[in-house]
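Chemist:
Residue numbers (our numbering), protein chains in the order written: chain A, 55 to 169; chain B, 3 to 119.
#1: What is the rounded straight-line gap between the Cα of residue 55 of chain A and the Cα of residue 64 of chain A?
#2: Pull up the CB-CB distance for residue 10 of chain B and residue 97 of chain A, whole angstroms please, since I reckon it's below 8 Å.
#3: What is the DSSP secondary structure of residue 55 of chain A, counted as helix, strand or coil?
#4: Compare the C-beta of residue 134 of chain A with all C-beta atoms of chain B and state if any pair is closer than 7 Å.
#5: Hey, how far is the Cα of residue 118 of chain B from the Cα of residue 134 of chain A?
#6: Report the rounded CA-to-CA distance for residue 58 of chain A versus residue 87 of chain B, giving the unit in angstroms.
#7: Going by beta carbon distance, what residues of the same chain come within less than 8 Å of residue 21 of chain B, once the five residues before and after it are set aside?
#8: Should residue 91 of chain B be counted as a contact of the ligand FMN given a C-beta to heavy atom distance under 6 Å?
#9: Do residue 48 of chain B and residue 38 of chain B have their C-beta atoms closer together than 7 Å?
#10: Restricting to Cα atoms, I'd like to know which of A:142, A:156, A:168, A:107 is closest to residue 94 of chain A.
#11: Could you pull out every residue in the same chain whose Cβ sits closer than 6 Å to the Cβ of residue 97 of chain B, ignoring the five residues on either side in sequence?
#12: If we ignore side chains and look at the alpha-carbon of each, how far apart do residue 53 of chain B and residue 33 of chain B end up?
#13: In terms of residues, what are the limits of the beta strand (DSSP E) holding residue 108 of chain A?
#14: Please tell me whether residue 159 of chain A has its Cβ less than 7 Å away from any Cβ of chain B.
#15: Taking 6 Å as the limit between beta carbons, can you name the residues of its chain near residue 117 of chain A, skipping five residues before and five after?
#16: Answer with buried or exposed for residue 19 of chain B, where buried requires no fewer than 16 other C-beta atoms within 10 angstroms of its C-beta.
#17: Please list, in chain order, the chain B residues whose beta carbon lies closer than 7 Å to that of residue 180 of chain A.
#18: Could you check the C-alpha separation between residue 75 of chain B and residue 90 of chain B for me, to the nearest Å?
#19: Let me check understanding here. Comparing Cα to Cα, which of B:60, B:51, B:104, B:63 lies closest to residue 26 of chain B?
#20: Using DSSP bridges, identify the partner residues of residue 48 of chain B.
#21: Checking contacts by CB at 7 Å: is residue 48 of chain B closer than that to chain A?
#22: If residue 105 of chain A and residue 104 of chain B are in contact, beta carbons under 8 Å, what's the gap, nearest whole angstrom?
#23: Return the CA-CA distance between residue 157 of chain A and residue 165 of chain A, expressed in angstroms with no decimal places.
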């Protein structure tokens, strides 16, 4: 059939506000999750990761929350800056023992920060 | 430490041709994965190499192949190019510990933008 472009969810915030980006993952066997930031024309840049034995992890200005019961992941960015404008991708990876390196990505969220 | 590098950054080919893309992982990383990113399908896993062996493979036709060298550098090849192969091809590297006790973070390169005319 005809392919269509992914319709990216968008989030528009004011500079200085906090941002919350959500992601629903699909595989209940996934136990490792990564958030990436992708700017236009660039490769995904690692932001923060979390394993399934945790429900919260904090980095510099970012916090990731994991709710395994409803298979939901969120990324919180504090004091959002114009440089944070990008597509944010969540990725999941199950552990199958030995060598599973396949990341499965969500379609991403476009964050726009207004000055 | 230098990041993942990919060459070339941009490429234009015509249908039926073949193309080879190159990836140099972060120094010390032994696992290299390849992904295809398109507006229609998003980021999709192609394959992963470790110690010169393909360990994992995604759902792509046999026209897509790859290899890894003893220095962990990797190449991917696409033969008989189709218009739908136009995409951003991303390479990611990770440490590749043995034995693998838990999943490892993958770090991406800038990608190679391939346009098939």
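The C-beta atom is built at its ideal place from N, Cα and C for all residues, glycine as well.
Modeler: Well, looking at it:
#1: As a first step, residue 55 of chain A must be located in the first chain, where it is residue number 1. As a first step, residue 64 of chain A must be located in the first chain, where it is residue number 10. With a pLDDT of 36 at residue 55 of chain A, under the threshold of 50, the predicted position of this residue should be treated as unreliable, though the coordinate-derived value follows. Answer to the nearest angstrom: the Cα atoms are 26 Å apart.
#2: Here residue 10 of chain B is taken as the residue at index 8 of the second chain, counted from 1. Here residue 97 of chain A is taken as the residue at index 43 of the first chain, counted from 1. Between residue 97 of chain A and residue 10 of chain B the Cβ distance is about 14 Å, and since that is not below 8 Å, they are no contact.
#3: By 1-based counting over the first chain, the position of residue 55 of chain A is 1. Interpretation of residue 55 of chain A is limited by its pLDDT of 36, a score under 50 that renders its predicted location unreliable; the figure taken from the coordinates is listed afterwards. The answer is coil: DSSP assigns residue 55 of chain A none of H, G, I, E or B.
#4: For this step, residue 134 of chain A is matched to residue 80 along the first chain. No - not a single Cβ of chain B is within 7 Å of the one on residue 134 of chain A.
#5: The count along the second chain starts at 1 and reaches residue 118 of chain B at position 116. The count along the first chain starts at 1 and reaches residue 134 of chain A at position 80. Each residue's alpha carbon lies about 38 Å from the other.
#6: Numbered from its first residue, the first chain carries residue 58 of chain A at position 4. Numbered from its first residue, the second chain carries residue 87 of chain B at position 85. With a pLDDT of 44 at residue 58 of chain A, under the threshold of 50, the modelled position of this residue cannot be trusted; read the value that follows with caution. Whole-angstrom Cα-Cα distance: 15 Å.
#7: Taking the second chain and counting its residues from 1, the one referred to as residue 21 of chain B is at position 19. Here the set comprises 13, 15, 79, 80, 83, 116.
#8: The ligand FMN is absent from the structure shown, which contains no ligand whatsoever.
#9: Within the second chain, numbered from 1, the residue matching residue 48 of chain B stands at position 46. Within the second chain, numbered from 1, the residue matching residue 38 of chain B stands at position 36. Cβ atoms of residue 48 of chain B and residue 38 of chain B: closer than 7 Å.
#10: Taking the first chain and counting its residues from 1, the one referred to as residue 94 of chain A is at position 40. Of A:142, A:156, A:168, A:107, the residue nearest in Cα terms is A:142.
#11: Stepping through the second chain from its first residue, residue 97 of chain B is reached at position 95. Excluding residues within five positions, the ones whose Cβ falls inside 6 Å are 31, 106.
#12: Locating residue 53 of chain B in the second chain gives position 51, where the first residue counts as 1. Locating residue 33 of chain B in the second chain gives position 31, where the first residue counts as 1. One C-alpha to the other measures close to 7 Å.
#13: Along the first chain, read from residue 1 onward, the residue named residue 108 of chain A stands at position 54. Residue 108 of chain A -> no beta strand (DSSP E), and no H or E assigned at all.
#14: Mapped onto the first chain, residue 159 of chain A falls at position 105. Chain B contact via Cβ: present.
#15: Taking the first chain and counting its residues from 1, one reaches residue 117 of chain A at position 63. Around residue 117 of chain A: 130.
#16: As a position in the second chain, residue 19 of chain B is number 17, starting the count at 1. With fewer than 16 Cβ atoms within 10 Å of its Cβ, residue 19 of chain B is classed as exposed.
#17: As displayed, chain A neither begins before 55 nor continues past 169, which places residue 180 of chain A out of reach and without an answer.
#18: Along the second chain, one-based indexing puts residue 75 of chain B at 73. Along the second chain, one-based indexing puts residue 90 of chain B at 88. Taking the straight line joining both Cα atoms gives about 19 Å.
#19: Working through the second chain from its first residue, we reach residue 26 of chain B at position 24. Checking every option, the nearest Cα to that of residue 26 of chain B belongs to B:51.
#20: Your numbering for residue 48 of chain B matches position 46 in the second chain. Per DSSP, none; premise fails for residue 48 of chain B.
#21: Locating residue 48 of chain B in the second chain gives position 46, where the first residue counts as 1. So, not an interface residue.
#22: One-based indexing of the first chain puts residue 105 of chain A at position 51. One-based indexing of the second chain puts residue 104 of chain B at position 102. That belief holds up - the Cβ atoms of residue 105 of chain A and residue 104 of chain B are roughly 7 Å apart, short of 8 Å.
#23: Position 103 of the first chain, counted from the start, is the residue given in the question as residue 157 of chain A. Position 111 of the first chain, counted from the start, is the residue given in the question as residue 165 of chain A. When rounded, the distance between both Cα atoms is 22 Å.
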